[in-house]
Each structure stands twice: as C-alpha cells, then as structure tokens.
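Asker: Here it is, the structure in full.
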Amino acid sequence: MQFFFEVLIGGLLSGVLYALVALGFVLIYKASGVFNFAQGAMVFFAALTFVGFLEILPGWTGWEEGGRAVFWLAFVLSLAAMVVLAIATEKFVLRPLVNQPPITLFMATIGLTFLVEGIAQGIWGANVRGLNLGIADVPIEYMMDNFNILISSFDVFAAAVAAVLVAALALFFQYTRIGRALRAVADDHQAALSIGIPLRHIWVIVWAVAGFVALVAGMIWGARNGVQFALTFTALKALPVLILGGFTSVPGAIVGGLIIGASEKLAEVYVGPFVGGGIESWFPYILALGFLLFRPEGLFGEKHIDRV
Amino acid sequence: MLYREAGQFKASYEADQQIFPILQDRIGVLLLIGFFALAVPLFADQYWLKAILIPVLIFSLAAIGLNILTGYAGQLSLGSAAFMAVGAFGAYNFMLRIDGMPFLVAILLGGLCAALVGVMFGLPSLRIKGFYLAVATLAAQFFIVWALVKIEWFSNYSSSGVITAQEIEILGFAFDGPQSKYLLTLFVVVVMALLAKNMVRSTTGRSWMAVRDMDVAAEVIGIRLMRTKLTAFAVSSFYCGVAGALYAYTYIGTVEPEGFNLDLSFKILFMIIIGGVGSIMGSFLGAAFIVLLPIALDVFVPMLLGDLVSSSFVSNLQLIVFGGLIVFFLIVEPHGLARLWQIGKEKLRLWPFPH
C-alpha cells in the first residue's frame, strides 16, 4: 500500500508539471483559438535562455556566480526574451494569418516550433546544461519517518510553484482590467472587438503570459532533467492532458494533468510489466481517448454546438 | 493560346467523364509520365534515383493518403507514419510467412492491414472532432510504433524490431538495381494516384467533401457519416500503408518501427499543407518540395557561407530556414503550391490576350 501511495503521489506531482505546460496551451487557445504546437519549443527556448544568461551574466556584471542578483536578473531578461518572442510571433505569424482556418494556424505554429528551436540552439548551443535552482532533490524526512513514503522535496516545491502560478493567473484573469479583456476575447472575438478591445495587444499579452508560464515550466523541468532538447517533448506530454481537460479550461488543464500524471505512473508500474513496459509513451493518449468517447469536448471544455 | 479548351466538344458520356477533360491536360500528363518512365531512368544517376526520385514518389503516395483523409474528408490526422509502418511490417510478414507470395500482392495486403488498423483508429472520429481528433490520432502514432517494437512476432524476433526487406522478384525478374526499383515505384504510384484522382470525384469523394465542409449538414442531406468517415480512414490508411511498404522495399531496405515516428508524420502533413490541401497534384508538389528542401539547404548553405560557420550552426540554420519557409508559405499562399499551379493554368488560358 505504501508503494501504491508513493507511486500515486509521484505521479500526481509529475502531473503538475504536465499541467504547467498544458496551461500555456490553454491560455493561447482560449484567447486566440490557435492550437499552439510551439509551446514545447517555447519551454525549451525559455529554459535555455535562462541558463544561458545565468552563465554569461557574472562575466558581464562582475556579480558573483550563482548569486541571487544574477538569478533574478537572468529571470527578468529571459522573461523579456519571451515577451520579444510573443511580439514577433504576433507581428510575423499571427497577424498575416488572421482569418485563416485553424489548421493553417496550427501548421504555422509547427513551423514556429522549428524556428524557435533553431534560434535557441543557434544562440546558446546544443549542449545539455544542468540547472540548479537551489532546491534540494532529497526525500522529505517527515514523510519518510512517519509514513515511510518517499517524496522528493523538489517535487513538492514544483507543485507549490505550480499552485501559486495557477492562483496568480486566476486572480489576474478575474480581477484585472487586462484579465477581463482576455476573457472577453476568449468568449467572442467579434463582440470584444466591437466594444473596443484591441485584439492585437491582447494576443501579444496572452502569448507573453504563455511565455512566462513556459519559462517557469522550463526552469522546473530543466532543474529536474537538465536543460536539453528533450524539453521540447514536454509538449507531447501536455497534449493528452489538454484533450482530457478540454482545450479551453484552466481548471481542466490542472485536473487533467493530475489524472494523466497519476494514472500514467500507476499503469507503468502495475500494468507495464505484463505487456513489456514502456507504455508511458501511449497510455495517456489511450486514456484521454477513452474519456473523449464519453465527453467529446474534454472534461471541462465548452460544449460544442453545431449550427447548420 | 496553346492551353485552351475552346472547340473541344464533349459528344459522349465517356468524353464528359474523363479524369482529365481537357486535351492538353491529357497530353501533359502522358508526357510527364513518359518523361519520368523513359527519359529519367536513362539519364539520371544512382544518387538522384535513390536519394531523391524514389523518396519523392513514395512520400507523394503517403501525402495522397493523408490528403484523402485531411484534405478531402476533413479529418486531421497526425498518425500517417504509423500507418506506413503497418503497411511495411504487413508486407514484410506476408512475404516472410507465405511461400511464393507475389510482391505486388504483398504490398497491397500490407496496405489492407493498414486500412484495417486505420478503421479501428478512425472509430473515435464519429464522436470527436477537430483538434481533439488530431490529438487522438497521436494515440495511433505512439501505440502502433510501441506495439511493433514490443510484439516481436511482427519483426520475426529480431532485436528492437528491425526488419530487412526481402529481395523483390516479379515473374522471375529481380528488381535489384535503383533503375528497376524506381520504375516499379513509379508504376505503383502512378496507378494509385490516378485511382485517387478518379475516386475523389466519385460519389465517395463527393460525400467526403460534404462531410469536410460541414458534417451535420452532410448528415441532413442523407450522407451516412459513419460509412463516409470510416471509408476515408480506410482508403487513406491503405495509401499510407502501400507507401510504407514501398518505403521499406524500394527505398530504405532495412527499417525499424522507430523510423516511422512523429517527425515523419509531421513531414507528411507539411507536404500536404505546402503542396495544397485537397489536391492530388499538390501531394506530388509538396512531397518534392519537402524532400528537396533539406538537400538543397545541405548543398547551398555551406556553398554560400563557405567555411565561415560550423556544421552545428548549419544544422540550426536549416531548422530556422525550414521553419521560416513553412510560415512564409502559409502566409503567402495558404492554399499551397497546387493553387499556384491553378493560377498559372488560368493565366495560360487567357494568354496572350488577358483583357
């Protein structure tokens, strides 16, 4: 039973990370109707930029390496890079493609994926880099002693960051002027335009926010597995989360992430050995597919109504 | 002046229902096929045949398959490479396990296997639409590749699922050189492309297009959704499967399931987007473009920049140029190369008196 809980909690915590990436998808899909395949590349780009700045900043500024000042300056600069990326994307990709069918926009984001990956590696090089956020990856002793369950403190930290991020986003969407505008655009593009909400600014903002989420996700994933090209595959982990939770729902992304994370790990441990292992690659998709057969728009997605 | 249909009267039903109703088109297609079947094998060298022409033909076939599903029936799929894998492994097993199996029959049977699997993974399309379906087809992509690696029977118990295609022999003639393999590929591709061209203007094709444009409306006018969508999945997977079998037998020779990964699926998707969604001609143009682009970049980038840059920079630059070109193409011509071709034809019709 302890083993079961250990796997379950480990799965839930990794599910939080999937949810973080899925969140970036949802934000963009809600506001602009674009299925942004480049989110994984954005995670990679953000993490690589952050690590790159961490490396070169001490040389530029003379500050001590690994210090707090360097960390925050690198964070701010990476965020600025994501904002620049958002502006460039809006200007050069989205604006010329306004009114194109969704599949064209989807393809454009796949093109954007290659572009961003190439630029990221072109600037910072393709080496695998370690990233130390100063959070120890050791089992929490309290849980170890009392329940004999092994939980990494790093995973808990990641989950806490994700929770804070989601709460902050929820507040941002609910109580700020921009947040209200974003929700209006998500509800109805034309109505939002007609009451004077500038669509272009909204898109830039929402891509920048998605970039911010990508940066946080990239830092956590990167600290865990190293900053490397494999970060782009986080997008593939986030897709089943998305269809399970629904493309348009922030809570859906979180709940979906938890379900996928937990069931994937449990399936790998309990079902995997019988069929030869390695089922993590497809199990989430089949699971999500099962859910979809009963709710074709995901758990929390908007009900789709066809008008003829 | 040359390309004009004035004066070509259709006096019989046969004349009215030809695949290429305009005389110049018929001549053009025949010339094109003649050129690729007769002139090319004589003059092209081994490298061109092996590394460019054969893959372009095979990918064209796969792109036609995906185009039938996505371009004509409107069901976005990201799993075409997996259906190619089913075709390749199906054909391999038929050749392996049945003595004296004719090659052409084996690849068709491989295609049929792919069609069956395609129908299975097409079933969710009855409930799920749009991007949800696209992500759901990823399930096929990952599951099939996984199954081909893990179930060792499919690869005759070789390590990590690698198979080596058997020698091709038809009626005692061994297809072992690049020339003969090229001709064989060309034959299969041309026949299947003409069949596809014919199919998309038949009842089946028209009901696909009706479903693509709006499935509820199509249902209302009496098109059976289930049958239409599933035939689209079946035919599309059949084409992909045959392409996969050719990929294994006439192009690569030794394939592993991991070779049919998501990247390949995306490549095929790029082909139809750049070539033109909903166009058989576009599938060929797109395949040629996507196969030739990396080769061209390989050749020209070092030539232009010389030794100034490292090879890792060149590979990154390729990514950037590739991604940039895709975005550029989508912006400039969202309907693909086939649309440019069509515009060219319209212009040619009016030439030299456009007013």
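In order, the protein sequences belong to chains A and B.
Numbering-wise (the working numbering), the first sequence opens with residue 142 and increments by one.
Numbering-wise (the working numbering), the second sequence opens with residue 2 and increments by one.
We treat Cβ as the ideally placed atom computed from N, Cα and C, and that holds for glycine.
Small disclaimer: the values here were computed from a predicted structure and weren't measured.
1. Look up R448(A) in the DSSP assignment and say whether it is helix, strand or coil.
2. Just how far apart, CA to CA, sit F323(B) and W265(A)?
3. Taking the C-alpha atoms as reference points, what is the distance between T202(A) and L220(A)?
4. Who are the near neighbours of G66(B) in its chain, counting only those whose CB is closer than 6 Å to its CB and skipping five residues on each side?
5. Confirm, please, whether the CB-CB distance from A194(B) to I59(B) is below 8 Å.
6. How long is the line joining the alpha carbons of L428(A) and I401(A), rounded to whole angstroms?
7. Check this for me: beta carbons of G367(A) and V211(A), under 8 Å apart or not?
8. Which residues mark the beginning and the end of the alpha helix (DSSP H) in which A303(A) is found?
9. Could you spell out the range, first to last residue, of the alpha helix (DSSP H) harbouring F194(A)?
10. Any idea what DSSP makes of F261(B), helix, strand or coil?
11. Which ranges does the alpha helix (DSSP H) cover as unbroken runs of at least 4 residues, wholly within the stretch 168 to 256 of chain B, from first to last along the chain?
12. Could you spell out the range, first to last residue, of the alpha helix (DSSP H) harbouring T250(A)?
13. Relative to chain A, which residues along the stretch 106 to 132 of chain B have a C-beta separation below 8 Å, given in chain order?
14. Listing by chain order, which chain A residues have their CB less than 8 Å from the CB of F143(B)?
15. Would you please state the rounded distance, in angstroms, between the beta carbons of P392(A) and F441(A)? I believe it to be under 8 Å.
16. A249(A) versus chain B: which residues are under 7 Å apart at the beta carbon?
17. Taking L158(A) and A358(A) to be in contact with their CB atoms under 8 Å, please state how far apart those CB atoms are, rounded to whole angstroms.
18. Would DSSP call V278(B) helix, strand or coil?
19. Could you work out which residues of chain B lie near T375(A), taking near to mean beta carbons separated by less than 9 Å?
20. Report back the beta-carbon spacing between G279(B) and Y73(B) to the nearest angstrom; my notes put them in contact at under 8 Å.
21. So is E231(A) buried or exposed if we call it buried at 16+ other beta carbons inside 10 Å?
22. Residues of chain A with CB closer than 7 Å to the CB of F323(B), please, in chain order.
23. Would you call F374(A) buried or exposed, if buried means 16 or more other Cβ atoms sit within 10 Å of its Cβ?
24. Can L118(A) and A332(A) be called in contact, C-beta distance under 8 Å?
25. By the criterion of Cβ-Cβ separation under 7 Å, what are the contact partners of V163(B) in chain A?
26. Between the stretch 404 to 419 of chain A and the stretch 171 to 182 of chain A, do three or more beta carbon pairs fall short of 8 Å?
27. Taking 7 Å as the cut-off, does the CB of V162(A) come closer than this to any heavy atom belonging to the ligand ATP?
28. Chain A beta carbons: is any one of them nearer than 8 Å to that of N262(B)?
29. Taking C-alpha atoms, which residue in A394(A), G418(A), F370(A), G181(A) lies nearest to I251(A)?
30. Going by DSSP, which residues form a beta bridge with I164(B)?
31. Within 8 Å of any Cβ in chain A, is that where the Cβ of K360(B) sits?
32. R318(A): buried (16+ other C-beta within 10 angstroms of its C-beta) or exposed?
33. Three or more beta-carbon pairs under 8 Å between the stretch 117 to 136 of chain B and the stretch 181 to 193 of chain B, yes or no?
34. Let me know if I446(A) comes out buried or exposed under the rule of 16 or more other beta-carbons within 10 Å of its beta-carbon.
35. So, for F290(B): in the same chain, excluding its five sequence neighbours on each side, which residues have a beta-carbon less than 8 Å away from its beta-carbon?
36. Could you tell me the distance, in whole angstroms, from the CA atom of N199(B) to the CA atom of F21(B)?
Answerer: The relevant details are as follows:
1. coil
2. 19 Å
3. 19 Å
4. S237, Y240, C241
5. no
6. 8 Å
7. no
8. 294 to 316
9. 180 to 202
10. coil
11. 179 to 200, 204 to 214, 216 to 221, 226 to 247
12. 243 to 265
13. P125, R128, I129, K130, G131, F132
14. S422, W423, Y426
15. 6 Å
16. V328, L331
17. 7 Å
18. coil
19. Within 9 Å Cβ-Cβ: nothing; T375(A) doesn't reach chain B, min ~14 Å.
20. 6 Å
21. buried
22. F255
23. exposed
24. Since the displayed chain A opens at 142 and closes at 449, residue 118(A) lies outside it and no answer follows.
25. Within chain A, no residue comes near V163(B); the closest Cβ sits about 17 Å away, beyond 7 Å.
26. no
27. The ligand ATP is not part of the structure shown, which contains no ligands of any sort.
28. no
29. G181(A)
30. V256(B)
31. The structure shown does not extend to residue 360(B), since chain B spans only 2 to 356, so no value can be given for it.
32. exposed
33. no
34. exposed
35. M272, I275, G276, L338
36. 9 Å
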